[in-house]
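Below: the structure, in structure tokens.
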Amino acid sequence: MLLHLSYNCNDFKMKGAYMNDIIRFLELEDPAITIEDISTEGRVKTVTLSTPPEIRFCPRCSFRMHSRGIRIRRVNHPILQDTYQLVLLLKQRRWRCTNGQCRYEENESFNFISKHRRNTNAADFLIVNEFRDLTKSAADIARKFNTSDTYAINVFEGNQSFLGSLFIRV
């Protein structure tokens, strides 16, 4: 499926299939995501994603939590399309418990990215798949996915059980 991310932002406000197709194409696992904006600058396409506000309760004391604002997080999504680099801007809310004794805080999370990561979860599988080409070095693969070569090697070594299904045995 070839899908171009050059639609006008006003197209997404309509009740059409455009937004659902883009979310399916990007393989984003979170059903509550909405696309707010798509922009192209040079060879970088930027997609701004957010979730609608919801009522949250503290996991520790069950008091209601309130939002402390929105934090914008820049994440690389390693799926290249038409030689463009895809960057996701995630609008995450910060939540704090209203109970004076608890004051528990947490950030909103998305299913397709782990905490404190700059790449989506799909990057690990794509890095392992790139190691199939024996002509590429770890530095080349890391440069392609905007990671360090040490991280690429650690991902490769950490997925040894997964490697058996990827490599063709002669």
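Residue numbering for the sequence shown follows my numbering, starting at 20 and increasing by one per position. Just so you know, even glycine gets a beta-carbon here, dropped at the ideal spot from N, CA and C.
Residue burial annotation: GLU127 is buried, with at least 16 other C-beta atoms found within 10 angstroms of its C-beta. When the five nearest sequence neighbours on each side are left out, the beta carbons in the same chain lying within less than 6 angstroms of the beta carbon of TYR123 are those of CYS77, ARG79 and CYS116, in order along the chain. The stretch 64-74 makes contact with the stretch 94-111, as at least three CB pairs between them are under 8 angstroms. Between the beta-carbon of ASN178 and that of VAL147 there is about 5 angstroms, and that keeps the pair under the 8 angstroms contact cut. Beta-bridge partners assigned by DSSP to PHE76: ARG83. In terms of CA proximity to THR53, LEU108 leads the group LEU108, ARG113 and ASN95. Assigned with DSSP and collapsed to three states, GLU127 falls in coil, not helix or strand. Per DSSP, reduced to three states, the secondary structure at ILE57 is strand.
Contact between PHE164 and PRO97 holds, with the beta-carbon distance rounding to 5 angstroms and staying under 8 angstroms.
If you draw a 10 Å sphere on the C-beta of LEU68, you find 16 or more other C-beta atoms in it, and that means buried. If you draw a straight line from the Cα of ARG83 to the Cα of GLU125, it comes to about 13 angstroms.
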